[in-house]
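The sequence shown: position 1054 = 1054 (this note's numbering), numbered continuously.
Heads up, the beta-carbon is just placed ideally off N, CA and C, and yes, glycines get one too.
First the structure, in the form of structure tokens, and then the observations on it.
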Amino acid sequence: MGYENVFDAEISTISPSLAAEYRRACRQLGEDGELARLLGETGLELARDSYRGWESALELFRVYPQVARIMDLSQVVRWTQLIRRLGHLSQPVCSAFIRGTPDLARAVDFDEVLHYGYLATRLYANTQANAALVCQFIDVAPVLSRLLDPEGVRVAVALTERLARRSQDLAAQCLGILPRLLTEIEPGLRGDVLRLAVQVTDLNWRATRPLLEVSPRALQHLAEAHRATFLRLASGMADQAREKLFSLFTEGVEVLAGLEPAAQGQILTLADQIGRLSPAAAVEFIKTGPRLLDSLSLDGLRLWVAEGLTLLQQNHAAGLAYFRLQSQRALTAVRKLMPGLDLESVKGVLELYCRALTGRALEIRPAEELVERGIGWTSVEKPTTEGRAVYLPSRLGIFETQDRNFEAFKVYATHQAGHLEFGTFDFRYDRAAAVFESVRPKLEEVVDGHRDRPAVSDFERFFDLFADRRLARDLFTVAEDTRIDSRVLREYAGIRRAYAGLQRWSAERRPPLGALPLRQAFVEGLILFSLNAVESVEFPERYADHLRQGLQILNRLRRPEATVEDAAEATVRLYILARDIPNTPPQENEQQEQVQPPDEAEQTPEDLDQLVNQFQAANAEAEQGESGPEEEPYESPPDVEYRGDFKPELVQTLQEMREARGEQSQEQKAQLNELAEKSAEVEQQARPQLVRVLEAESTNRAGTGPAQPQPEEAEQWFYYDEWDYRARDYRPAWCRLRQRPVEEGNPGYFDRVLRTYAPVVYDIRRQFEMLRPELLRKVKRLRDGEELDFDAVVEAILEKRAGQAPSEKVYARRNKVERDVAVAFLLDMSASTGETIEPGGRWYGEPDQGRSWRVRGKRIIDLEKESLVLLITALESIGDTYGIYGFSGHGRENVEFYIIKDLDEPFSERVKGRIDRIAPARATRMGTAIRHATYKLEQAEARTRILFLISDGRPQDHDYGRDPVDFRYLLQGLSGPLLMPVGDDPGAQAERQYAIHDTKKALLEARQRNIIPFCLSIDKLGHDYLKSMCGDIGYELLSNIYALPKRLPALYRRLTT
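Written out as structure tokens, the structure reads:
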């Protein structure tokens, strides 16, 4: 206790309360004088070391007894030495370390406790003496010590140091969230995540916290076996593709999450191979690879990656686009490796085949086209027809070999062609059947209101007989498919083997009868026998005779004289049988009977009155709903693959609408709405669109001119490829273009311009009228004609003098040549055309002050509009076909294409009004607009087709040539502002080059399609880019913008003569 008395007095001079705490600590130490002495010396030194050193001494006195119980004397000595060092360094750091020592000592061994103190010392020295940050580290040290091994702790300190050099606030934030985040990561990966965070900090310190936040969730999406591989891949790309790293942790991981663990491993293994050449490409593959597995086998995916690796070595930009699936080469490679057969590759052969079978030109189209119309067809995988064309899946891969898939395509097409060839959609309700007695006239008399109910089509009239319309439609499908298959197999011998093989294949994939409710099993039994693929089926004994009778009815449809009206009669009889079978689940241990197709037997006359009574009873039961508690709602059977999506009522309705005449009455429109609502062939969501299409079909054929566009039809969307000159390939379907008419303004604007430019209008008209004599072309070297060909005469005289037989072709004749020109004027409506024209500005020339049409204060767009007025006046005088379009937009998803006058549209007051409303819009994505104008010109039937581009500057748009933004994610639960990392800007120069190359490619595409492109620029800086953009394509740089109204017609005259 002597040491206590010695130090107590000195400590009392500093603070009596501090001395009291010291004495309390000594009492807890008991008789151990050495520990008391060490306590007094250390406490006194700390208290005297700084102005607030007494606070560190106070912390020491409070925890010292606990520490003394945990450590031996030698350890306490070393500990107090470290404390004194920290006290000299920073009083707050010293206090924090003293306060945290008991918890830390319980978590780690003594050497690690000291190590944490040394780490705190280093952290303080390397973070610009940020004591608060070091104290925070000491506070979380016990938690870190439980979550990390010593090496992991050192990495955490290194991360904190690096962050603190750039932002001490961010370093404190990351240190604060570490305990929570590390808890969510499996122990073996915590150090790897921290090391990756250190890499990111060195490259882009603002991105460290987002990476730490997203890492636990990202890793949880991956199978445990592949998480380390993923982090290794991320670490490898951090230095070379840091802007892609966040895309990997967000979009990439989200895609991988949907895969089985084995598939995740395969994708990551392939990505690792790609990453050795290009980490950025590896990230893109991780995002696209899982989608490819839907189309390719694993071996196919490896081959696809191998081709991409070869491309990467040759051209990095092309390889990057390849792995993004943003190049034609990538998509072509996928199609080649996909199992199955592409419709496009056999479409021509199938069309010839169908023509040979049916004697009519049938167009083969992909089913997607019909589905996109939204009028009832919903499957892109099933064959079908809408009465004019045959629609097939765009790809067929049901068999392993291309030959068998081609045979399947032929069967698909043949069945649909059979519907058209053998009169399915020519059904007439009042026409008598050939192999059945017609009961339909009698049924119409007994179905309430049927005779007075108006119907759009005969099929609607027929199906209106049935209370259970869905069941009737399914039975008619079986009946008519049976008839069509029989006709095909009888008349087309060359297809029999393939047809029978696909029937057997289809039968093997039908649902088992024993698992279906009884009425559904009856319908399914009919389908099985209609496929000619089974000899018998088991059916519940009590209803076996119903199925046997049903098969006998189907057999009559196999006769060569059977018609679609017979299929309708068969439907009535099958409906009576089906409604007599409850749709209850099959009973266990119920007696079964083998049902076989009956032999063809002589048909005995039917009692039609009895048939009518049975039909009435079946309908009455159907109207009451399901009769028993065990009865289940009836569900239609799945379609037979090769027979496809059969919609007879809808097809016939479309045909009736196409042939309709006159405007529709309100009653007719109500009929269409009623048909859409009650039809079993149309999904609920497609019914409004169906009604609009049916109305349009009727109006467009009524002989009253084109229908006014509905609001949904006023604009159309198109997708176009874009040329990436760096990858030397197209980005497929990269740009979305919206086509819509310009709103109408004041037609009087057109006439005002004509009055203003009256002298010029007179001159232009006179010049264009001079084109008429040029329509006579002299044809030389003829045997007879209206005048001598003097060149041929001279040659004949020389030949005669030389002793040779002279040619008799010495005449010439002027033949009338009809002018056959179509031109599309494409007008730049970008924002820059709204600039006011100032002499000496970026345009050449001065206005002609001597004219009455002075233009000071006008905008570029105003002169463009006035030029169009003069040009239209000239074109109308010679009768050329012309269209006028504008373009602008903002980004690749929003390219705007404005119709001012369409190629097939007559000049009218509406066109005049649209010219008035031409106004500046946004940016200038020329390539897409040129491609769409080319598409429109391709539809024009003219010998000479010209695309005339008028622009005030270079092509440019806000994302023209830029890669998609890679950082696309949202972090939840972050406090405070989130600093989002962004990729490096590739530079405006690269963006301009991309735009010029894409525009040049679009112009070349037009020329390849026998269209003459010409560019007129009013940008005096155009010399910088026009030569490289146009090459040998015609262009002109207008030296004086004020001359545009006169120059534009003159240029057109030059191009077309």
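- For Ile-918, there is no enclosing alpha helix (DSSP H), as DSSP marks it with neither H nor E.
- For the 8 Å CB-CB criterion, Glu-55 and Ser-95 form a contact.
- Boundaries for Val-895: no alpha helix (DSSP H) harbours it, while the beta strand (DSSP E) harbouring it runs 895-901, taken from the DSSP string.
- Ile-797 counts as exposed, since fewer than 16 other C-beta atoms from the protein chains shown sit within 10 angstroms of its C-beta.
- The Cβ atoms of Leu-350 and Tyr-492 do not sit closer than 8 Å to each other.
- When the beta-carbon positions are compared, Thr-571 and Phe-425 stay at least 8 Å from each other.
- A straight-line Cα-Cα distance of about 7 Å links Leu-312 and Leu-277.
- The alpha-carbon of Ala-727 is positioned some 15 Å away from that of Lys-1000.
- Taking C-beta atoms as the reference points, Gln-199 and Ser-235 count as a pair closer than 8 Å.
- Gln-264 counts as buried, since no fewer than 16 other beta carbons sit within 10 angstroms of its beta carbon.
- Unbroken alpha helix (DSSP H) runs of no fewer than 4 residues, entirely contained in the stretch 269-349, are found at 279-292, 298-314, 316-323, 328-337, following chain order.
- Taking all protein chains in view, the Cβ of His-226 is crowded by 16 or more other Cβ atoms within 10 Å, so the residue is classified as buried.
- Around the beta carbon of Ala-36, a 10 Å sphere encloses 16 or more other beta carbons of the protein chains shown; the residue is thus reported as buried.
- In this structure, DSSP gives Ser-832 a helical state, which the three-state scheme calls helix.
- In the structure shown, the three-state DSSP call for Gln-591 is coil.
- Per the coordinates, the alpha-carbon of Ala-933 lies some 16 Å from the alpha-carbon of Val-742.
- Per DSSP, reduced to three states, the secondary structure at Pro-560 is coil, with no helix or strand assignment.
- Scanning its chain for C-beta atoms nearer than 7 Å, with the 5 sequence neighbours on each side dropped, one finds around Val-612 the residues Val-439, Lys-442, Leu-443, Val-446, in chain order.
- If you check the CB distance, Ser-888 and Ala-940 do not come in under 8 Å.
- Collapsing the DSSP output to three states places Glu-715 in coil.
- Spatial neighbours of Pro-560 in its own chain (CB-CB distance under 7 Å, excluding positions within 5 residues in sequence) are listed in chain order as Arg-490.
- Taking 8 Å as the cut-off, the Cβ atoms of Asn-619 and Ala-467 count as close.
- For the options Arg-48, Glu-524, Leu-303, Arg-859, the alpha carbon positioned closest to that of Leu-551 is the one of Glu-524.
- Look at Ser-90 here: in three-state DSSP terms it is coil, with no helix or strand label.
- Where Thr-881 is concerned, the enclosing beta strand (DSSP E) starts and stops at 881-889.
- In this structure, DSSP gives Phe-466 a state outside helix and strand, which the three-state scheme calls coil.
- Taking a 10 Å sphere around the C-beta of Arg-373, we find fewer than 16 other C-beta atoms and assign the residue as exposed.
- Across the set Arg-388, Glu-799, Leu-392, the C-alpha of Leu-392 shows the shortest separation from the C-alpha of Ser-379.
- In the DSSP secondary-structure assignment, Tyr-720 is bridged to Cys-735.
- The shortest CA-to-CA distance from Ile-138 to any of Asp-111, Pro-92, Arg-165 is the one to Pro-92.
- Counting only unbroken stretches of 4 or more residues, the alpha helix (DSSP H) elements lying wholly within the stretch 92-140 are 110-126, in sequence order.
- Taken through DSSP and simplified to helix, strand or coil, Phe-422 comes out as coil.
- Closest in C-alpha terms to Glu-284, from the list Val-253, Leu-259, Gly-300, Gln-314, comes Val-253.
- Counting of Cβ neighbours within 10 angstroms places Lys-865 among the buried residues, the total reaching 16 or more.
- Straight-line spacing of the CA atoms in Trp-304 and Glu-400 works out to 19 Å.
- Under the three-state reduction of DSSP output, Ile-950 falls in the strand class.
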